[in-house]
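The numbers in this note's numbering rise by one with no breaks, and the one at position 427 of the sequence shown is 666.
We put the beta carbon where it would ideally sit given N, CA and C, even for glycine.
Keep in mind the model is a prediction, meaning the values are calculated, not measured.
Following: one structure in structure tokens, then a few remarks.
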Amino acid sequence: MKSPPFEDACVLFSNDTVLHDAARAVTSVVFDAAKPISPCILLEGKIEEGSDSLMILALDMGGTHVDGVLLEAGQLLKAVKHEVQRDDLFASIWQCLQELLQDQEKDDIRRIQLSTTVSTNAIVENKIAKVGVIIQSGPGINWGYERMGTQVHKLSGSTDHRGVVVDPYDKNELKKIRSSFQTEGVENLAIISKFSPRNPDTEQEIASFFAAAYDEITLGHSLSGKLNFPRRIETAYLNAAVSTTFRQFAESILTALKKEGINAPVYILKADGGTLDLDTALLRPVETILSGPAASYVGMSALFPTEKHDAILLDIGGTTTDIFFLAEGEPLFEPMGSEIDGRKTLVRAIYSHSHGLGGDSYIRHEDGCIKIGPERRGSAVAFGGEELTPTDALVVLGLMEAKYPEKAEQALSQFAATMDLDRTACAHLIVEHFCERIMQVIAEKLEQINSSPVYTIKELLHGQRIEPKSIKVIGGPARALAGHLSDAAGMEISFPENYEIANALGAALAKPTSEISLYANTERRIVSIPELQIYEKIDKSFDQADAEEYALRAVKETAQAMDLSAEKTEVEITESSSFNMVRGFMGRERNIRVRAQIKPGLLYDYQSQKQGGTA
């Protein structure tokens, strides 16, 4: 597996690249600095007395519904579902909390876990803060960041690939930039210097200059240690852009919990299927983009038995359908980072595709054809809405129960008349078209995936094609659509028990995770882990094995800081490479890069008595 490319103008030659397999796990509890460390460690802390009764409250805040669950030791105690009040998210959250907590001992709740579309929606709907962007690129960058607004400034100076400042910036430029920010009403800042993961001094100095005027300042090196400058710029910009919205959301959550007298720690689901504590999420809200799809995947992995074959996972919601692909039972992964609204980021993410087709998608008749989505105009008619939806067709066919079935029948009869069809035939046609469209999108995405290198969270699959053998589906319409989906796909469709609240279960069961990038330069005798703000001196003899040991130690300490002592937590090296720095045709010193992570996983094995169904 080749390492991702270094940044522009980096003159390095690779002599070794290693990808470690998570299967090489060994058990360890205590770090011994003198003892070699395996590339993968299984952390197993002491389980505290009473931890078997650990109670978790989780909310999944989607585009259509807020789902809530209460779990104890992996068993479902209570589940609720409420329609989202888009103009008052706090009220939706408040309703769920009150219903979940009725007759419950609040002191028993030890953990709050949330998945949310707040950051994603802010970006997609362009409801973001006005960001001032300062970029120190040095030579060799193509300039063009129009989508970041008018307050994007290029700063003089540069840092080279070793982390050495070769050309200091002009401090007088900062005064002019500050004046421009104040005039234009800039709310938050993003500061990005090339090669800052290897030397953050420039970004930190600039931040200090602006600290008195701005509370929300994002530094590029603090979000990711990966050396991809364009992606780091986009990531820092988006982090600054959503930070105000996310902070308001966090304050609403904390206010609601305080009113209910709950003091448990709060965790937010990330795009890679792990969680962040709320304080960290406030610093890095960009990591919460695609939180909703991540909850879908984690929920499905908890509800469905593990099978070592290629498969498709579907989450059919009210607004969208999220599509995932498994290669030999492992989820596909975005190797460089997720993409949102056409912006390429460094945010670790499970590969998913969200398509504007859901149970509440707007149905109309255009040019002799039935059109479904991508717009949603509210609830289905059967649930009090005004526009016909696929949900209404399912109600008419007797496949779903509803509050106002007679209204769905009336609306569908009127729509069918425009096509010279009877109501039942029209309902069948709508559902068939809906399922066929989903399968078309799946086929299109599969073709794209199979024409590119395929990555799972573990490895690059050389020359391997994804050939799904089954489809697993969750979401409100899952059971009702299973038969029609099976006909459209030509293969078995299965759905689990509690398919309606799978996302909330995923949010509840997701384990905290983290990834770090370590850089070591034996010429400068510095080792750095930007994500943890670690910059320390090293001996000249520091080598690749030392770097791996150092990285694993750092990740383990991160796991302990996340209060993971009561869970089994895998820590692994995901990438390790050593590069000789060439000077005068001689490789004198080494530039070492190692990535390590706490692997995403489940806090508990979900305990269910029923298996769901198939079609």
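9 Å Cβ cutoff, residue i in contact with chain B
i: Met730; result: The structure shown contains no chain B; it holds only a single protein chain.
Contacts around residue i, its chain only, beta-carbon distance under 7 Å, and the 5 residues preceding and following it disregarded
i: Val481; result: Ser358, Ala361, Ile362, Ile367, Pro524, Val525
i: Lys684; result: Ile562, His592
i: Ile705; result: Asp549, Phe564, Ala566, Leu685, Ile688, Asn689, Val693
i: His723; result: Val670, Glu671, Cys674
i: Ala446; result: Ile430, Ile456, Leu458
i: Arg880; result: For the chain, the structure presents residues 240 to 854; residue 880 sits outside this window and is missing.
Burial state of residue i, where buried means 16 or more other Cβ atoms lie within 10 Å
i: Val405; result: exposed
i: Pro839; result: buried
i: Tyr845; result: buried
i: Thr813; result: buried
i: Arg616; result: exposed
i: Lys414; result: exposed
i: Met387; result: buried
i: Pro407; result: exposed
i: Ala541; result: buried
i: Ala429; result: buried
i: Ser815; result: buried
i: Cys608; result: exposed
i: Asp299; result: buried
i: Gln799; result: exposed
i: Ile280; result: Residue confidence is low: Ile280 scores 36 on pLDDT, short of 50, so the model does not pin down where it sits. Its coordinate-derived value is still stated next. Label assigned to Ile280: buried.
i: Met730; result: exposed
i: Gly500; result: exposed
i: Pro570; result: buried
i: Gly745; result: buried
i: Gly860; result: Outside the displayed range of the chain (240 to 854) lies residue 860, so it cannot be described from this structure.
i: His400; result: buried
i: Asp782; result: exposed
i: Pro544; result: exposed
8 Å Cβ shell around residue i - same chain, five flanking residues per side excluded
i: Phe824; result: Here Phe824 scores only 48 on pLDDT, less than 50, and its place in the model should not be relied on; the value that follows carries that caveat. Taken in chain order, the list of residues that qualify is empty.
i: Leu521; result: Ser482, Phe485, Arg486, Ala489
i: Arg417; result: Phe448, Phe449, Ala452
i: Leu841; result: Val537, Ser540, Ala541, Leu748, Ala749, Lys750
i: Ala390; result: Note that residue 390 is Gln in the sequence shown here, rather than Ala. Lys369, Val370, Gly371, Val372, Ser419, Phe420, Glu423, Val425.
i: Met801; result: Asp516, Pro751, Ser753, Ile837
i: Thr474; result: Gly459, Leu462, Ser463, Val525, Gly576, Thr584, Leu585, Val586
i: Ala793; result: Ile755, Leu757, Ile768, Leu771, Ile773, Ala835
Member of the options whose CA lies at the smallest distance from the CA of residue i
i: His667; options: Thr630, Ser461, Ser395; result: Thr630
i: Leu636; options: Glu605, Glu338, Glu671, Asn689; result: Glu671
i: Gly377; options: Ser395, Gly597, Gly388, Glu578; result: Ser395
i: Gly612; options: Thr560, Gln653, Arg587; result: Thr560
i: Arg764; options: Asp778, Leu651, Ile773, Tyr774; result: Asp778
i: Gly576; options: Ala297, Tyr506, Leu466; result: Leu466
i: Lys708; options: Thr474, Glu546, Glu640, Thr527; result: Glu546
i: Tyr774; options: Lys610, Pro436, Glu787, Ile528; result: Pro436
i: Thr303; options: Ser331, Ala318, Tyr843, Gly313; result: Ser331
i: Tyr643; options: Gly624, Ile507, Thr657, Leu660; result: Gly624
i: Val810; options: Thr441, His594, Ala790; result: Ala790
i: Gly232; options: Asp342, Val634, Glu731; result: Here the chain comprises residues numbered 240 to 854, so residue 232 is not present and cannot be evaluated.
i: Ala727; options: Ile710, Asp599, Ala743, Asn742; result: Ile710
i: Ala533; options: Thr457, Glu788, Gln352, Ile602; result: Gln352
i: Glu412; options: Gln375, His400, Val403, Thr398; result: Gln375
i: Ser780; options: Glu828, Glu788, Ala588, Glu736; result: Glu828
i: Gly852; options: Gly581, Ser733, Glu796; result: Ser733
i: Asn427; options: Tyr476, Asn438, Asp782, Asp440; result: Tyr476
i: Val712; options: Glu385, Ile555, Ala479; result: Ile555
i: Arg350; options: Gly581, Leu496, Asp306, Glu762; result: Leu496
Other residues of its chain near residue i: CB distance less than 6 Å, five sequence neighbours each side excluded
i: Ser463; result: Leu585
i: Arg834; result: Ser756, Thr813, Glu814
DSSP bridge partner residues for residue i (one or two, in chain order)
i: Leu571; result: Thr695
i: Leu565; result: Ala550, Pro570
i: Gly307; result: Leu298, Val319
i: Ala619; result: Glu626
i: Cys335; result: DSSP, once it has assigned bridges, lists no residue as partnering Cys335.
i: Gly371; result: Leu428
i: Tyr384; result: Its beta-bridge partners do not exist; DSSP assigns none.
i: Asn438; result: For Asn438, which the question treats as bridged, DSSP gives no partner whatsoever.
i: Ile579; result: Arg582
i: Asp406; result: Ser397
i: Ile602; result: Ile611
i: Gln390; result: DSSP lists no partner for Gln390.
i: Gln352; result: Ala297, Tyr506
Residue i: CB within 8 Å of a non-hydrogen atom of the ligand MG
i: Asp440; result: Absent from the structure shown: the ligand MG. Ligands present: none.
(request) Return the chain-ordered ranges of every alpha helix (DSSP H) run that is complete within the region 474-560 and spans a minimum of 4 residues. (result) 517-522, 530-542
(message) Report the start-end ranges of each beta strand (DSSP E) in the region 622-689 that is 3 residues or longer and not cut off at the edges.
(response) none
(message) Please give me, in chain order, every unbroken run of the beta strand (DSSP E) with length at least 3 that falls completely inside the region 733-760.
(response) 753-760
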